[in-house]
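Novice: Before anything else, here's the structure in question.
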Amino acid sequence: MAYSYDDQNIFAKILRGEIPNNTVLETEHSLAFRDIRPQAPVHVLVIPKGAYVCYDDFAQNASDAEILDYTRTIGKVCEMEGLAANGFRLISNAGAEGVQEVPHLHVHILAGRPLGRMLEHG
Ligand code: 5GP
């Protein structure tokens, strides 16, 4: 389906510099920053700079350069945070049933404690 992007979402405002963020890494096409309500000792959000609502929107419509940059940025953040030693979890929520709060693609990188089973409910 064709997604419609709301440019008033909070991550669009972060990308425009309208609200501050705690940046971990910025590249040509991507931005990684710390979640404002961390759910683990390491909780980094990685977003593309382009206007993509969620992962399938990005995977279907982003350019090769954006996809390469985004994937490499996730890898670089994992390296910078030293996550290979003890592991981590990548989550990307989408839509109503995925319980996505902010309608701009993001992956959560969570680490720094045992994270439990993948889905706690159901
Ligand atoms: P979602 O539920 O959409 O997958 O996750 C959205 C995430 O964005 C949540 O973990 C929430 O804490 C985080 N978040 C919401 N507003 C802000 C903000 O203004 N700054 C930062 N750094 N994170 C935010």
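FYI, our numbering numbers position 102 of the sequence shown as 103, with every residue one higher than the one before it.
Heads up, the beta-carbon is just placed ideally off N, CA and C, and yes, glycines get one too.
#1: Using 8 Å as the limit for Cβ to Cβ distance, is Phe34 near chain D?
#2: Out of Gly51, Thr72, Arg73, Thr74, which one is the CA nearest neighbour of Ala63?
#3: Taking the continuous alpha helix (DSSP H) assigned at Ile11, which residues delimit it?
#4: Flag this pair as yes or no: are the beta carbons of Ile53 and Leu106 separated by less than 8 Å?
#5: At a threshold of 7 Å, does Asp8 count as lining the ligand GDP (C-beta to nearest heavy atom)?
#6: Assign Ser31 to one of two classes, buried (16 or more other C-beta atoms within 10 Å of its C-beta) or exposed (fewer than that).
Specialist: Well, looking at it:
#1: Judged by its chain identifiers, the structure shown contains no chain D, having just a single protein chain.
#2: Start at 1 with the first residue of the sequence shown, and residue 63 comes out as number 62. It is Gly51 whose Cα lies nearest to the Cα of Ala63.
#3: Here residue 11 is taken as the residue at index 10 of the sequence shown, counted from 1. Unbroken alpha helix (DSSP H) run through Ile11: 11-16.
#4: Locating residue 53 in the sequence shown gives position 52, where the first residue counts as 1. Locating residue 106 in the sequence shown gives position 105, where the first residue counts as 1. First, the amino acid is wrong: residue 53 is Tyr here, not Ile. Yes. Within cutoff.
#5: Absence of the ligand GDP is noted for the structure shown, with the ligand 5GP being the only ligands found.
#6: Residue mapping note: residue 31 aligns to position 30 of the sequence shown, counting from 1. Its Cβ being crowded by 16 or more others within 10 Å, Ser31 is buried.
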